[in-house]
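Chains A and B are the protein sequences, given in the same order.
For the first sequence, position 34 (counting from the first letter as 1) is numbered 34 according to my numbering, and the numbering increases by one without interruption.
For the second sequence, position 55 (counting from the first letter as 1) is numbered 208 according to my numbering, and the numbering increases by one without interruption.
The beta carbon of each residue, even a glycine, is placed where N, CA and C say it ideally should be.
Data first, discussion second: the structure below is written as structure tokens.
2 protein chains.
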Amino acid sequence: MIHINLICLGKLKEKFWREAENEYLKRLSAFSKIKIHELKEESFNEKNSPKIIKQKEAEKILSILKKQDGLIIALDEHGQQFSSIAFAEKIKPAGKITFIIGGPLGLDESVLKIANLKLSLSSMTFTHQMVRVILWEQTYRAMMINSNRKYHY
Amino acid sequence: MIHINLICLGKLKEKFWREAENEYLKRLSAFSKIKIHELKEESFNEKNSPKIIKQKEAEKILSILKKQDGLIIALDEHGQQFSSIAFAEKIKPAGKITFIIGGPLGLDESVLKIANLKLSLSSMTFTHQMVRVILWEQTYRAMMINSNRKYHY
Chain A
1 MIHINLICLG KLKEKFWREA ENEYLKRLSA FSKIKIHELK EESFNEKNSP
51 KIIKQKEAEK ILSILKKQDG LIIALDEHGQ QFSSIAFAEK IKPAGKITFI
101 IGGPLGLDES VLKIANLKLS LSSMTFTHQM VRVILWEQTY RAMMINSNRK
151 YHY
Chain B
154 MIHINLICLG KLKEKFWREA ENEYLKRLSA FSKIKIHELK EESFNEKNSP
204 KIIKQKEAEK ILSILKKQDG LIIALDEHGQ QFSSIAFAEK IKPAGKITFI
254 IGGPLGLDES VLKIANLKLS LSSMTFTHQM VRVILWEQTY RAMMINSNRK
304 YHY
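Structure follows, in structure tokens:
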């Protein structure tokens, strides 16, 4: 059983994204033990500039992250792109993975520099809610690939 | 109002994908008139090799496609990748767009060669159900970008 942590900002607001996540978490439970750390998003206001929001969110992320070991993967639109097979190969040796998905503004440099891998899912910009669901689907796909099981898509 | 056609194989099986599609179709209705042509998937069996399945599916697609004009965009994992902003720029001049999403085996060459653009959403392989939802979200995002409207993600 691989241990997977997800550190993310805010909840999945729409019911269909929550149900999509639940479906993939259910499928992933055959391969992994998953813990989701849903941190509170900072809101925009006079005192909270985008820079300060990212810093405050980074402090919360780092407080969880410092207790983690294993492979740390930060989702970052400027990160590296992988084919599904190469991604499966990348996570294959890991006994523990921590994924980090930032809020709408992305992740602060202080978090990015700690990550072992900065991962981009696409050249396109996705909502951070979609990123969460796509990431679970790709992780499930990776587990299926790594255990030589067929996955109809 | 931009006219958008989607030609695709099979239905969205999971309720959460149907609800996600409905949400984006609702949002897109402010900008566009959409028609979805859901064609019947061919099933694997002794008589239906992957090559024959793709050909049979292509015949069905082409029978709809020959009635279409405007910009024809085929989703293809070996296609071109765009940033969301470049994609918005690409579809901006079009009064009519036809998107084509193949089945699990992808699209036959006879369909791909007719397309004005072969579009890849990611280096990763997504399910064709996810592709459909992501495509609507990116099309909605493009419409928001092209009308200079803010879209929180």
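Residue range S185 to L192 is occupied by the beta strand (DSSP E) that includes S185/B. Per DSSP, N301/B lies in no alpha helix (DSSP H) segment and is marked neither H nor E.
Below 8 angstroms, enough C-beta pairs join the region 11-26 of chain A and the region 161-172 of chain B to call them touching: three or more. Neighbours of Q81/A in chain B, taken as residues at a C-beta separation under 9 angstroms, are given in chain order as Q234, S275, S276 and M277.
Straight across, the Cα-Cα distance linking A88/A with L9/A is about 25 angstroms.
The region 66-84 of chain A and the region 26-37 of chain A do not touch, with fewer than three beta-carbon pairs separated by less than 8 angstroms. Under the rule that a run must span 4 or more residues, the alpha helix (DSSP H) segments found entirely inside the region 86-119 of chain A read 109-112.
Listed in chain order, the positions of the region 74-103 of chain A with a beta carbon within less than 7 angstroms of a beta carbon of chain B are Q81, F82, S83, S84 and F87. I52/A and E210/B have their C-alpha atoms spaced approximately 53 angstroms apart.
For the pair Y177/B and V286/B, the CB atoms are nearer than the 8 angstroms cut-off.
I287/B reaches chain A at S122, M124, F126, M130 and I134, counting residues in chain order whose Cβ is nearer than 9 angstroms. Under the Cβ criterion (8 angstroms, minimum of three pairs), the region 111-127 of chain A counts as touching the region 271-282 of chain B. In the structure shown, the three-state DSSP call for N201/B is coil. Per DSSP, the beta bridge partners of I4/A are I34/A and I97/A. Judged by DSSP in its simplified three-state form, L65/A adopts helix. DSSP, reduced to helix, strand and coil, places L121/A outside both helices and strands of the structure shown, so it counts as coil.
In this structure, I64/A and H37/A form a Cβ contact; the two beta carbons are roughly 5 angstroms apart against a cut-off of 8 angstroms. A direct Cα-to-Cα measurement between E212/B and N301/B gives close to 39 angstroms. Taking 8 angstroms as the threshold, the shortest C-beta distance from E167/B to chain A falls below it. For the pair K220/B and E77/A, the Cα-to-Cα distance works out to about 38 angstroms. Between G102/A and L215/B, the alpha-carbon positions lie close to 42 angstroms from each other.
Between A20/A and chain B, the shortest Cβ-Cβ separation is below 8 angstroms. The residue among I225/B, G259/B and K164/B with its C-alpha nearest the C-alpha of P203/B is G259/B. Among the CB atoms of chain A, none fall inside 8 angstroms of the CB of E191/B.
With at least 16 other beta carbons inside 10 angstroms of its own, K207/B counts as buried.
For L71/A, the uninterrupted beta strand (DSSP E) run begins and ends at L71 to Q80, by DSSP. Ranked by Cα distance from I72/A, the first of A94/A, K90/A, K47/A and T98/A is T98/A.
Looking only at E41/A, H128/A, I7/A and K11/A, the smallest Cα-Cα distance to Y304/B is reached by H128/A. In the structure shown, L162/B adopts extended strand secondary structure according to DSSP, grouped into three states.
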